[in-house]
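The next block holds one structure in the form of structure tokens; read it before the comments.
Protein chains: 4
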Amino acid sequence: MARTIGSNGTRTAEAIRQAGVKLIYKHGYEAMSLRQLAAEVGLQSGSLYKYFENKQNLLFDIVREHMEDLISKAEADLAGVADPLARLKAFAAFHLRYHMTRMAHVFIANMEIRSLEDEHRATIIAQRRRYEGLLEDTLRRGAEAGVFEVREPKVATYAIISMLTGICMWYRPGGRLSQEDLIGIYTGLVVGGVTGAEEAVAAPLPLEAKASMATSPAARTPKAKTKTTGKATAKRTAAGA
Amino acid sequence: MARTIGSNGTRTAEAIRQAGVKLIYKHGYEAMSLRQLAAEVGLQSGSLYKYFENKQNLLFDIVREHMEDLISKAEADLAGVADPLARLKAFAAFHLRYHMTRMAHVFIANMEIRSLEDEHRATIIAQRRRYEGLLEDTLRRGAEAGVFEVREPKVATYAIISMLTGICMWYRPGGRLSQEDLIGIYTGLVVGGVTGAEEAVAAPLPLEAKASMATSPAARTPKAKTKTTGKATAKRTAAGA
Amino acid sequence: MARTIGSNGTRTAEAIRQAGVKLIYKHGYEAMSLRQLAAEVGLQSGSLYKYFENKQNLLFDIVREHMEDLISKAEADLAGVADPLARLKAFAAFHLRYHMTRMAHVFIANMEIRSLEDEHRATIIAQRRRYEGLLEDTLRRGAEAGVFEVREPKVATYAIISMLTGICMWYRPGGRLSQEDLIGIYTGLVVGGVTGAEEAVAAPLPLEAKASMATSPAARTPKAKTKTTGKATAKRTAAGA
Amino acid sequence: MARTIGSNGTRTAEAIRQAGVKLIYKHGYEAMSLRQLAAEVGLQSGSLYKYFENKQNLLFDIVREHMEDLISKAEADLAGVADPLARLKAFAAFHLRYHMTRMAHVFIANMEIRSLEDEHRATIIAQRRRYEGLLEDTLRRGAEAGVFEVREPKVATYAIISMLTGICMWYRPGGRLSQEDLIGIYTGLVVGGVTGAEEAVAAPLPLEAKASMATSPAARTPKAKTKTTGKATAKRTAAGA
DNA sequence: CATGAATGAGCTTTCATTCAT
DNA sequence: AATGAATGAAAGCTCATTCAT
Numbered sequence: 008m009a010r011t012i013g014s015n016g017t018r019t020a021e022a023i024r025q026a027g028v029k030l031i032y033k034h035g036y037e038a039m040s041l042r043q044l045a046a047e048v049g050l051q052s053g054s055l056y057k058y059f060e061n062k063q064n065l066l067f068d069i070v071r072e073h074m075e076d077l078i079s080k081a082e083a084d085l086a087g088v089a090d091p092l093a094r095l096k097a098f099a100a101f102h103l104r105y106h107m108t109r110m111a112h113v114f115i116a117n118m119e120i121r122s123l124e125d126e127h128r129a130t131i132i133a134q135r136r137r138y139e140g141l142l143e144d145t146l147r148r149g150a151e152a153g154v155f156e157v158r159e160p161k162v163a164t165y166a167i168i169s170m171l172t173g174i175c176m177w178y179r180p181g182g183r184l185s186q187e188d189l190i191g192i193y194t195g196l197v198v199g200g201v202t203g204a205e206e207a208v209a210a211p212l213p214l215e216a217k218a219s220m221a222t223s224p225a226a227r228t229p230k231a232k233t234k235t236t237g238k239a240t241a242k243r244t245a246a247g248a
Numbered sequence: 008m009a010r011t012i013g014s015n016g017t018r019t020a021e022a023i024r025q026a027g028v029k030l031i032y033k034h035g036y037e038a039m040s041l042r043q044l045a046a047e048v049g050l051q052s053g054s055l056y057k058y059f060e061n062k063q064n065l066l067f068d069i070v071r072e073h074m075e076d077l078i079s080k081a082e083a084d085l086a087g088v089a090d091p092l093a094r095l096k097a098f099a100a101f102h103l104r105y106h107m108t109r110m111a112h113v114f115i116a117n118m119e120i121r122s123l124e125d126e127h128r129a130t131i132i133a134q135r136r137r138y139e140g141l142l143e144d145t146l147r148r149g150a151e152a153g154v155f156e157v158r159e160p161k162v163a164t165y166a167i168i169s170m171l172t173g174i175c176m177w178y179r180p181g182g183r184l185s186q187e188d189l190i191g192i193y194t195g196l197v198v199g200g201v202t203g204a205e206e207a208v209a210a211p212l213p214l215e216a217k218a219s220m221a222t223s224p225a226a227r228t229p230k231a232k233t234k235t236t237g238k239a240t241a242k243r244t245a246a247g248a
Numbered sequence: 008m009a010r011t012i013g014s015n016g017t018r019t020a021e022a023i024r025q026a027g028v029k030l031i032y033k034h035g036y037e038a039m040s041l042r043q044l045a046a047e048v049g050l051q052s053g054s055l056y057k058y059f060e061n062k063q064n065l066l067f068d069i070v071r072e073h074m075e076d077l078i079s080k081a082e083a084d085l086a087g088v089a090d091p092l093a094r095l096k097a098f099a100a101f102h103l104r105y106h107m108t109r110m111a112h113v114f115i116a117n118m119e120i121r122s123l124e125d126e127h128r129a130t131i132i133a134q135r136r137r138y139e140g141l142l143e144d145t146l147r148r149g150a151e152a153g154v155f156e157v158r159e160p161k162v163a164t165y166a167i168i169s170m171l172t173g174i175c176m177w178y179r180p181g182g183r184l185s186q187e188d189l190i191g192i193y194t195g196l197v198v199g200g201v202t203g204a205e206e207a208v209a210a211p212l213p214l215e216a217k218a219s220m221a222t223s224p225a226a227r228t229p230k231a232k233t234k235t236t237g238k239a240t241a242k243r244t245a246a247g248a
Numbered sequence: 008m009a010r011t012i013g014s015n016g017t018r019t020a021e022a023i024r025q026a027g028v029k030l031i032y033k034h035g036y037e038a039m040s041l042r043q044l045a046a047e048v049g050l051q052s053g054s055l056y057k058y059f060e061n062k063q064n065l066l067f068d069i070v071r072e073h074m075e076d077l078i079s080k081a082e083a084d085l086a087g088v089a090d091p092l093a094r095l096k097a098f099a100a101f102h103l104r105y106h107m108t109r110m111a112h113v114f115i116a117n118m119e120i121r122s123l124e125d126e127h128r129a130t131i132i133a134q135r136r137r138y139e140g141l142l143e144d145t146l147r148r149g150a151e152a153g154v155f156e157v158r159e160p161k162v163a164t165y166a167i168i169s170m171l172t173g174i175c176m177w178y179r180p181g182g183r184l185s186q187e188d189l190i191g192i193y194t195g196l197v198v199g200g201v202t203g204a205e206e207a208v209a210a211p212l213p214l215e216a217k218a219s220m221a222t223s224p225a226a227r228t229p230k231a232k233t234k235t236t237g238k239a240t241a242k243r244t245a246a247g248a
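Those protein sequences? They're chains B, V, Z and U, same order as listed.
Position 36 of the first sequence, counted from 1, bears residue number 43 in the working numbering, the numbering being contiguous throughout.
Position 21 of the second sequence, counted from 1, bears residue number 28 in the working numbering, the numbering being contiguous throughout.
Position 167 of the third sequence, counted from 1, bears residue number 174 in the working numbering, the numbering being contiguous throughout.
Position 196 of the fourth sequence, counted from 1, bears residue number 203 in the working numbering, the numbering being contiguous throughout.
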């Protein structure tokens with residue numbers, strides 16, 4: 008029988024990718040074994056090595072491609088939107104929609120950064136920073152324009168992204184509230200947070216003070232120690248401990 | 008020479024607990040080996056079993072005691088505060104301060120729920136729900152009193168807690184912004200979010216519609232399948248896959 | 008070079024089985040380590056797991072296959088023999104010959120029942136009962152026919168089988184007495200025992216009295232307690248203690 | 008409070024001995040851990056070493072003392088009995104009664120010979136031989152006197168002892184048949200076996216032929232390899248493999 | 001007499017990975 | 001493109017044993 012378009016190899020590669028996402032999401036990267044993965048796609052575990060160099064690279068590929076997808080789609084969505092408030096709402100809506108749609112990928116990208124080796128993690132963190140930049144720039148411009156009450160755009164960026172990303176910890180399709188309902192609720196919280204309520208709580212901050220933050224939240228994630236011997240699985244050491 | 012005060016056993020137990028927190032924070036529970044842990048406290052790995060039943064129980068003990076501490080301190084902090092807005096601010100301040108102070112414990116409690124066995128996870132999730140209840144009740148009462156514009160207190164609870172918890176992903180002591188600065192910023196975002204900006208964005212929600220959420224975000228964390236045969240190490244399966 | 012006929016896998020499996028029998032016979036199941044076994048067949052210990060699920064199953068497979076072999080050969084040997092005395096002699100001869108030929112298997116099947124987990128032990132005990140049934144039925148029919156003086160066929164069955172099985176505690180091929188010599192001697196003891204000498208010793212037994220025996224000698228072997236928690240290696244508890 | 012007569016130490020020693028018998032009977036020597044044993048008598052496992060040199064010696068002490076008891080009681084029972092048939096019956100009755108009464112000790116002495124180190128096993132086997140000698144001499148004298156039809160007293164000895172010993176594989180007190188009932192049945196089998204039925208089955212044996220047996224069944228039990236290094240638990244190698 | 005902390009060796013089992021076929 | 005046999009390392013855990021107190 009003739010090969011179907013997209014060779015078996017291509018199809019197997021795709022199956023492995025999908026099964027990998029599923030299993031890492033379910034069990035975690037460390038806890039997923041390649042035997043499991045191979046069984047999921049109907050192969051022997053040794054055969055997987057036709058499709059990736061090693062387990063670490065499978066994870067890296069999944070996360071990197073996810074980040075590329077996330078960034079390009081976000082940039083496309085915000086492309087024509089100039090007004091800061093409109094951009095903020097568009098960002099929030101995009102982020103939420105994306106996170107409700109591709110929960111497994113998002114979950115992995117957030118949880119398994121610690122399982123990436125140094126170099127790979129650096130790549131992903133750079134992508135993350137670029138993505139965060141979309142929001143940070145918007146907040147900064149809105150603040151300059153006087154429409155947002157945001158004195159620390161970086162902090163606000165982290166806060167807002169944490170809030171929005173949190174949705175994939177509990178959201179399930181088919182619930183009482185539709186995706187659009189939820190987008191409405193979350194956007195309300197975000198917009199309310201950055202417009203005009205702030206003075207009610209906080210005293211003016213000393214802007215000239217030394218920053219209390221790392222250059223990015225990403226820097227907080229544990230860093231793998233340099234691989235040393237043999238085939239040993241790379242272990243990670245956290246910067247912050 | 009006589010035994011030093013606070014027998015070796017007690018001190019070793021404490022050292023193991025602390026090293027455990029440190030290593031799980033750095034490497035993750037799955038990636039931390041008991042040999043590593045033993046080396047960290049200057050023991051043979053087998054000797055650790057004087058101090059815990061098994062690796063899983065070490066994790067559970069750490070997380071459970073952390074949650075107990077978190078809850079009791081939170082309840083103490085909110086004890087006399089009746090006014091919804093004051094309670095909200097007190098909760099935010101407590102949560103942030105706690106998370107900036109005990110980052111490793113908090114990080115572990117959030118990240119390693121997936122590594123807990125069924126029963127243990129259920130215990131922790133129940134504690135989490137109780138903690139979330141402190142905020143949810145406050146939001147609900149504030150909404151009833153007309154001081155908060157919150158139509159979905161549960162969703163708002165998840166959103167706010169996600170935002171506040173996010174601080175331990177990037178905060179480092181000694182930065183430009185003091186803990187109190189950051190508490191000011193975050194509290195501003197939270198209070199702004201729940202007071203009066205919402206109508207600007209979202210259409211009224213159909214309150215009677217079917218819920219789109221699990222009973223708790225906790226339910227999203229992967230659930231271990233029931234142990235079936237033999238001595239096999241328990242693996243986890245995610246509810247959502 | 009092409010794979011040798013009978014793939015390596017098949018040959019390795021057979022080598023493992025044989026080495027397993029040899030080492031369990033020599034050291035006992037508990038005392039045999041899988042490292043020993045692997046070394047015996049020239050493998051790493053982990054590689055054994057291509058060939059059995061775990062150590063316990065290796066033992067079970069060995070014992071179960073032995074019992075199947077024993078039963079089927081015994082049934083074949085007795086197939087056409089109707090006369091009770093002839094059947095008794097045929098049984099004794101078969102049992103002795105088998106036990107002198109496959110001493111290691113027999114020894115293991117008798118000694119290591121205690122090392123089997125509950126379910127496995129139940130299977131083996133059922134097989135043992137079936138085998139014993141061959142003798143018991145013969146004794147019973149012989150007693151009914153008046154050719155045997157056997158008032159308690161079950162007790163006599165246990166006694167005779169114990170006597171015959173005992174041969175594998177001391178027999179070695181190449182000794183002064185041939186297998187056929189020994190069969191002659193043992194058969195004489197057995198036949199003499201069940202034909203007509205009994206009244207010389209014992210007073211008539213109250214047949215209606217309550218039995219003083221377990222349903223089978225097998226039931227005397229220690230029974231593993233039901234596995235309860237975690238991954239703990241199953242220990243055994245004796246029924247009679 | 009004053010010490011009771013028989014110091015605590017003496018009582019503890021006795022408790023350890025009894026618990027040891029119980030646990031070795033239940034689990035087997037290899038499978039019994041000293042932690043279990045210590046727990047059974049309410050001690051820490053390290054404290055056991057006040058009462059024995061090591062685990063191996065505990066086993067040896069138990070078995071040796073059992074054998075001494077067995078032999079001295081048997082010799083006492085047979086002391087005044089001269090007539091071969093009476094001696095045979097007395098031996099059988101004694102052996103059965105003893106085995107029904109002290110099943111655990113007997114079981115251990117039979118099953119755990121393989122777990123004894125070389126030297127210890129040699130001691131026990133010598134005792135066993137002496138015990139067997141009581142029966143063998145009786146058979147020999149009976150044969151010489153023409154009252155027994157036994158051409159191979161050694162073989163008959165092994166056969167008879169195996170048969171009688173087998174009772175402790177299935178007997179339980181409180182069953183339908185009393186100890187005396189069972190003694191009657193077994194004695195009938197034994198006496199019948201050695202009196203006059205033999206010619207019915209076997210052709211005369213060539214007495215001058217080379218023996219097909221080891222000097223004692225005991226020699227069949229595995230022999231421990233010489234202890235080699237450090238504190239390593241001694242492993243055993245079977246002579247017959 | 002007994003504890004309790006610790007050792008060091010060894011166990012069964014799992015894993016990522018390799019490679020001849 | 002895939003198999004299946006095997007490796008070598010490491011994991012969690014248990015054990016008999018020691019010894020200062």
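Quick reminder that beta carbons are idealized off the backbone N, C-alpha and C, glycines included.
Simplified DSSP assignment, three categories, for residue i
{"i": "residue 178 (chain U)", "result": "strand"}
{"i": "residue 88 (chain B)", "result": "coil"}
{"i": "residue 111 (chain V)", "result": "helix"}
{"i": "residue 169 (chain U)", "result": "helix"}
{"i": "residue 38 (chain B)", "result": "coil"}
{"i": "residue 60 (chain U)", "result": "coil"}
{"i": "residue 53 (chain V)", "result": "helix"}
{"i": "residue 202 (chain B)", "result": "coil"}
{"i": "residue 185 (chain Z)", "result": "coil"}
Closer than 8 angstroms to chain Z by CB, residue i
{"i": "residue 115 (chain U)", "result": "no"}
{"i": "residue 193 (chain U)", "result": "yes"}
Beta carbon proximity, residue i to chain V, threshold 8 angstroms
{"i": "residue 253 (chain B)", "result": "Outside the modelled stretch of chain B, which goes from 8 to 248, sits residue 253 (chain B), for which no answer is possible."}
{"i": "residue 10 (chain B)", "result": "The predicted position of residue 10 (chain B) is uncertain, since its pLDDT is 46 and thus under 50; no value can be drawn from it."}
{"i": "residue 20 (chain B)", "result": "no"}
Contact with chain U by residue i, beta-carbon distance below 8 angstroms
{"i": "residue 79 (chain Z)", "result": "no"}
{"i": "residue 145 (chain Z)", "result": "no"}
{"i": "residue 15 (chain Z)", "result": "no"}
{"i": "residue 154 (chain Z)", "result": "no"}
{"i": "residue 140 (chain Z)", "result": "no"}
{"i": "residue 199 (chain Z)", "result": "yes"}
Beta carbon proximity, residue i to chain B, threshold 8 angstroms
{"i": "residue 74 (chain V)", "result": "no"}
Contact belief for residue i with residue j at Cβ below 8 angstroms, rounded distance in angstroms
{"i": "residue 201 (chain V)", "j": "residue 157 (chain V)", "result": "5 angstroms"}
So within the segment 114 to 167 of chain B, which uninterrupted beta strand (DSSP E) runs reach at least 3 residues, ignoring any that extend past its ends?
DSSP runs (the beta strand (DSSP E)) wholly in the segment 114 to 167 of chain B: none.
**Study point:** Members of the segment 24 to 57 of chain V near chain B, C-beta cut-off 7 angstroms
**Key:** 29, 32, 33, 34, 35, 37, 38
ask   = At a Cβ cut of 8 angstroms, what residues of the segment 106 to 133 of chain Z count as close to chain U, listed as they run along the chain?
value = Going along the segment 106 to 133 of chain Z in chain order, one finds 110, 111, 118, 121, 122 with a Cβ nearer than 8 angstroms to chain U.
Discussion item. Using a Cβ-Cβ cutoff of 9 angstroms, what residues of the segment 165 to 185 of chain B are near chain V? List them in chain order.
Written reply: 165, 166, 167, 168, 169, 170, 171, 172, 173, 174, 175, 176, 177, 178, 179, 180, 181, 182, 183, 184, 185
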